[in-house]
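Each residue of the sequence shown is one higher than the one before, starting from 4 at the first, in the numbering used here. Beta carbons: idealized from backbone N, C-alpha and C, even for Gly. Model, not experiment: these values are computed from the prediction. Worksheet: one structure, shown below.
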Amino acid sequence: MTAQENITLKAAYAGKVAADLAENTAEQDRIRAEIETLQAQLATLETDHALLESVSAALGDTAGAVPAPRRAAKKTAAVANKAAAKKTADAVAPKKAGGKKDAATTTVAAKKTVATTGGAKAANTGADKGPALTELIHAHLSSQSEPRTAREIAKALADANPGRNVNDNLVRTTTERLVARSRVDRVKQGSTVYYTAKPDAAPAASEPAGEATAAAS
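Given below as structure tokens:
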């Protein structure tokens with residue numbers, strides 16, 4: 004090994020030793036600081052301990068008698084809470100029963116009201132029911148000297164029967180039924196449809212239930 008190599012190796016070792024010394028010194032300083040902190044905490048705990056011992060000695064047997072009143076207080080509170088809960092339950096039970104009774108009474112009254120209203124409506128419907136719409140349409144067309152459209156028929160019937168529900172669609176549908184029964188002729192000119200009553204058409208003896216319902220509406 005040459006002299007130059009020895010110098011380089013020594014320099015490397017010297018640098019490493021210096022770094023290790025610095026790290027060791029820093030670690031010692033950290034541990035000393037922790038020890039000082041722990042010693043301060045220990046001194047505080049020792050002081051508190053001495054104070055607590057003096058207080059305990061001054062109190063004597065009184066400290067041992069403290070838990071008994073606390074247990075009695077807890078037992079008294081539990082009994083009071085149980086009694087209050089029972090009282091609340093007794094008060095709520097009749098209220099619930101009364102609520103169910105009132106609800107049942109209200110339901111029965113509502114059903115009676117609905118039944119009465121429905122009967123009145125049915126009576127009014129029967130009283131207001133007039134001739135079947137098919138007969139009104141056929142009678143109107145029979146009195147006309149010229150063909151009429153569904154709109155013209157609807158307007159004439161609405162004017163003649165102000166209390167009756169008559170509209171273009173209902174009249175058109177009902178008139179087409181008369182056409183299917185060969186009581187009315189249907190002629191289409193362009194996009195317009197005209198209706199005329201057949202001279203020899205005879206009114207039907209009775210209207211089916213479906214037409215009677217349509218006329219009533």
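- Counting only the same chain and skipping the five closest in sequence on each side, list residues whose C-beta sits under 8 angstroms from that of Ile156. Ile140, His143, Leu144, Val174, Thr178, Tyr198
- Query: Out of curiosity, what's the CA-to-CA distance linking Ile10 and Tyr16?
  - Reply: Each residue's Cα considered, the two are about 10 angstroms apart.
- Output the distance between the C-alpha atoms of Lys19 and Ser57, rounded to the nearest integer angstrom. One C-alpha to the other measures close to 57 angstroms.
- Message: Between which two residues does the beta strand (DSSP E) holding Val190 run?
- Response: Going by DSSP, Val190 is part of the beta strand (DSSP E) stretching over 187-192.
- Message: I want to see whether chain C comes within less than 8 angstroms of Thr176, judged by CB atoms only; does it?
- Response: The chain labelled as chain C is not found in the depicted structure, where only one protein chain is given.
- Starting from Thr199, follow the beta strand (DSSP E) in both directions and report where the run begins and ends. 195-200
- Task: Rank Leu136, Asp32, Gln44, Ala6 by C-alpha distance to the C-alpha of Asn170 and give the top, closest one.
- Result: It is Leu136.
- Taking only the alpha-carbon atoms, compute the straight-line gap between Ala25 and Glu37 and give it to the nearest angstrom. 19 angstroms
- Which of the three DSSP states, helix, strand or coil, is assigned to Gly129? Summary for Gly129: the model assigns pLDDT 44, below 50, so the residue's position carries little reliability; its value from the coordinates is reported in the next sentence. In the structure shown, Gly129 sits in a helix (DSSP, three-state: H, G or I).
- Query: Count the other CB atoms within 10 Å of the CB of Leu181; is the residue buried (16 or more) or exposed (fewer)?
  - Reply: Buried, by the Cβ-count rule.
- For Pro202, the nearest candidate out of Ser59, Asp162, Val190, Gln147 (CA to CA): Gln147
- Tell me whether Arg184 sits in a helix, a strand or coil according to DSSP, three-state version. coil
- What is the DSSP secondary structure of Arg167, counted as helix, strand or coil? coil
- Query: Counting along the chain, where does the alpha helix (DSSP H) carrying Arg33 start and finish?
  - Reply: 6-62
- Item | The alpha helix (DSSP H) enclosing Ser145, as first and last residue numbers | 136-145
- Item | Nearest candidate by alpha-carbon position, reference Asn168, set Pro134, Gln192, Ala183, Glu39 | With distances taken between Cα atoms, Asn168 lies closest to Pro134.
- Measure the C-alpha to C-alpha separation of Leu55 and Asp23 and round it to an integer number of angstroms. 48 angstroms
- I think Val190 touches Pro150, with their Cβ atoms under 8 angstroms apart; what is that distance to the nearest whole Å? Between Val190 and Pro150, the beta carbon gap of about 6 angstroms places them in contact (Cβ cut-off 8 angstroms).
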